[in-house]
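A.B. asks:
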Amino acid sequence: MRYWLYKSEPATWSWDQQKQKGASGEEWTGVRNYQARNFMREMKRGDRGFFYHSNEGKAVVGIVEVVKEAHADSTADDPKWECVDIRAVMDVPEPVTLDRIKAEPALTDMVLVNNSRLSVQPVTEEEFAHVCAMGGVDPQSAMKG
DNA sequence: GCCAACGTTGGC
DNA sequence: GCCAACGTTGGC
Numbered sequence: 004m005r006y007w008l009y010k011s012e013p014a015t016w017s018w019d020q021q022k023q024k025g026a027s028g029e030e031w032t033g034v035r036n037y038q039a040r041n042f043m044r045e046m047k048r049g050d051r052g053f054f055y056h057s058n059e060g061k062a063v064v065g066i067v068e069v070v071k072e073a074h075a076d077s078t079a080d081d082p083k084w085e086c087v088d089i090r091a092v093m094d095v096p097e098p099v100t101l102d103r104i105k106a107e108p109a110l111t112d113m114v115l116v117n118n119s120r121l122s123v124q125p126v127t128e129e130e131f132a133h134v135c136a137m138g139g140v141d142p143q144s145a146m147k148g
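The numbering used here puts the first residue of the first sequence at 4, with every later residue one more than the last.
#1: Give the C-beta separation of alanine 14 and arginine 90 to the nearest angstrom, bearing in mind that I take them to be a contact with Cβ-Cβ under 8 angstroms.
#2: With a CB to CB cut of under 6 angstroms and the five nearest residues on each side skipped, what residues in its chain are close to alanine 109?
#3: In whole angstroms, what separates the C-alpha of alanine 79 from that of aspartate 50?
#4: Exposed or buried, what is proline 98 when buried is set at 16 or more other beta-carbons lying within 10 Å of its beta-carbon?
#5: Is it buried or exposed, glycine 65, if we count other Cβ atoms within 10 angstroms and call 16 or more buried?
#6: Would you mind stating whether phenylalanine 42 and valine 140 have Cβ atoms separated by less than 9 angstroms?
#7: Can you tell me which of Tyr6, Phe54 and Met46 puts its alpha carbon nearest to the alpha carbon of glutamine 20?
#8: Between which two residues does the beta strand (DSSP E) harbouring methionine 146 extend?
#9: First and last residue of the beta strand (DSSP E) that includes alanine 73?
#10: Counting only the same chain and skipping the five closest in sequence on each side, list residues whose C-beta sits under 8 angstroms from that of arginine 48.
#11: Quick check: the Cα distance between arginine 35 and histidine 74, rounded to an integer number of angstroms?
#12: Can you give me the C-alpha to C-alpha distance between valine 116 and lysine 22, rounded to a whole angstrom?
#13: Fully enclosed by the stretch 6-45, which alpha helix (DSSP H) runs are 4 residues long or longer?
#14: Can you grab the Cα-Cα spacing for the pair glycine 138 / leucine 101, in whole Å?
#15: On the CB-based measure, 16 or more other CB atoms within 10 Å of its CB, does alanine 145 come out buried or exposed?
Here it is as structure tokens:
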């Protein structure tokens, strides 16, 4: 299993909206960047990830899971743009802000810190567990379901 | 609201 | 195929 991070501006698509989609989840549409698309092509059903609020909030606010692997993005006119479907798994009780992540020596290599513009990005298992712990989430339950 | 970083586009 | 111009993202 691999781990990921999905960025969204809460004004466009928020964690609350994601949660309202329930267990069937929702397409992660709108990615028009090859690097981000290629990461989504690598995703497998069951992969876990972070839901990150960019711009406003700037924090990891939730845990999500891939429920449908890459397929054509229904909002794109070109089928080369693909997306996965993800569902909300659980809240992060203490949202882990970008400031806290940057201040954490174990997380200096996170893509979030080093490539702030990439909207879908990989997270290592160690980083995932670390951020879970910082957010008050039991890493075991976040990583296993 | 500004602007740095980065990706994409298009002229040559 | 290079690279300047432009657009977008997202932190500040």
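Ideal Cβ positions, reconstructed from N, Cα and C, are used throughout, including at glycine.
C.D. replies: Concretely, from the data shown:
#1: The beta-carbon separation of alanine 14 and arginine 90, rounded to 22 angstroms, does not stay under the 8 angstroms limit for a contact.
#2: Taking alanine 109 as the centre and dropping the five residues before and after it, the same chain places the C-beta of His133 closer than 6 angstroms to its C-beta, in chain order.
#3: One C-alpha to the other measures close to 24 angstroms.
#4: Label assigned to proline 98: buried.
#5: Glycine 65 comes out buried.
#6: The answer is no: Cβ separation not under 9 angstroms.
#7: Of the listed residues, the one whose Cα sits closest to glutamine 20 is Phe54.
#8: In the DSSP assignment, methionine 146 falls outside any beta strand (DSSP E) and lies within the alpha helix (DSSP H) extending over 142-147.
#9: That run of the beta strand (DSSP E) goes 62-75.
#10: So the list reads Val69, Val70, Lys71 and Glu72, once near-sequence residues are dropped.
#11: Cα to Cα, the separation comes out at about 14 angstroms.
#12: Each residue's alpha carbon lies about 26 angstroms from the other.
#13: For the alpha helix (DSSP H) assignment, the uninterrupted runs of no fewer than 4 residues enclosed by the stretch 6-45 are, from N- to C-terminal side, 18-23 and 37-45.
#14: Approximately 12 angstroms between the Cα atoms of the pair.
#15: By the 10 Å Cβ count, alanine 145 comes out buried.
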